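The block underneath contains the structure these notes are about, expressed in structure tokens.
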Amino acid sequence: GAGVSQSPSNKVTEKGKDVELRCDPISGHTALYWYRQSLGQGLEFLIYFQGNSAPDKSGLPSDRFSAERTGGSVSTLTIQRTQQEDSAVYLCASSLAPRGGVQETQYFGPGTRLLVL
Amino acid sequence: AQSVAQPEDQVNVAEGNPLTVKCTYSVSGNPYLFWYVQYPNRGLQFLLKYITGDNLVKGSYGFEAEFNKSQTSFHLKKPSALVSDSALYFCAVRDPTGGFKTIFGAGTRLFVKA
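From first to last, the protein sequence lines are chains A and B.
Per my numbering, the first sequence runs over residues 1 to 117.
Per my numbering, the second sequence runs over residues 1001 to 1114.
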């Protein structure tokens, strides 16, 4: 079956511009995560969506970052007024509703490589 | 607050030798622990997890990990390394009493030499 897809695969933008990154989770997965992987760094949790519950936004680094998930499926991560330090790979993952067991496995997309000039 | 540490940036091992990639964690409750692998030019893939039960967990590609509560560790092991195991390995932890945030370690790069 289809895995997690992300678009675009690469994005080059100028400092100060806004960007939107898209994630299509695996069908039936109610949980969706966004992470950031900077060069030489681990994965940094950004935000978590689960069904219709309020998202866990505790990892968003600033108010320039926001995300939404429409209809419980596709998610968009928006970065406003991009800065050079926003350059990173943005990864999306989905899972079944995590409550222990097999539901805890996250399936990752290929990522969007963002370069802010 | 939950955290996870991978004390080695890089591990080098000869093909056929056993390998260990270290991970320690800090959570307030009983942890859910994970290992993921990132091969060059490929996405992150799940390897194995510990949720409850037997402390020794077996996963994909012959890897296993042992949950040690007293040492708060979850080291990844494989009895005989392959060159194809060369990749970036991430340990991750979730505190099920603290929401759904999963914290990843900084990653350990494994080099297996032929």
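For every residue, glycine included, the Cβ atom is placed at its ideal position computed from N, Cα and C.
The model shown is predicted, which means the values in this text are computed figures rather than measured ones.
Cutoff 8 Å: residue i Cβ touching any chain B Cβ
| i | result |
| --- | --- |
| A/LEU91 | yes |
| A/GLY72 | no |
| A/SER58 | yes |
Outcome for residue i when other beta-carbon atoms lying within 10 angstroms are tallied against a minimum of 16
| i | result |
| --- | --- |
| A/PRO61 | exposed |
| B/THR1020 | exposed |
| B/ALA1114 | exposed |
| A/ALA97 | exposed |
| B/LYS1058 | exposed |
| A/ARG36 | buried |
| B/PRO1031 | buried |
C-beta contact flag for residue i and residue j at 8 Å
| i | j | result |
| --- | --- | --- |
| A/LEU46 | A/ASP86 | no |
| B/VAL1093 | B/TYR1036 | no |
| B/ILE1103 | A/GLU104 | no |
| B/SER1080 | B/PRO1018 | yes |
| A/THR78 | A/ASP18 | yes |
| B/PHE1100 | A/GLN50 | yes |
Neighbour list for residue i in chain A, Cβ cutoff strictly below 9 Å
| i | result |
| --- | --- |
| B/THR1102 | TYR33, TYR35, LEU43, PHE45, TYR48, ALA93, PRO98, GLU104 and GLN106 |
| B/GLY1099 | TYR48, ASP56 and SER58 |
Span of the beta strand (DSSP E), counted from its first residue to its last, around residue i
| i | result |
| --- | --- |
| B/LYS1049 | 1044-1050 |
| A/ASP24 | 19-24 |
| B/HIS1075 | 1073-1078 |
| A/THR30 | Note, A/THR30: premise wrong, no beta strand (DSSP E); not H, not E. |
| B/VAL1112 | 1108-1113 |
| A/THR112 | 112-116 |
Interface residues of chain A facing residue i [CB-CB closer than 7 Å]
| i | result |
| --- | --- |
| B/LEU1110 | Result: empty, since nearest Cβ-Cβ is about 15 Å, beyond 7 Å. |
| B/ALA1106 | GLN41 and GLY42 |
| B/PHE1090 | GLY42 and LEU43 |
Neighbour list for residue i in chain B, Cβ cutoff strictly below 9 Å
| i | result |
| --- | --- |
| A/GLY111 | GLY1043 and LEU1044 |
Cross-chain neighbours of residue i in chain A, by beta carbon under 8 Å
| i | result |
| --- | --- |
| B/LYS1022 | Correct list: empty, because the minimum Cβ distance to chain A is about 14 Å. |
| B/LYS1049 | GLU104 and THR105 |
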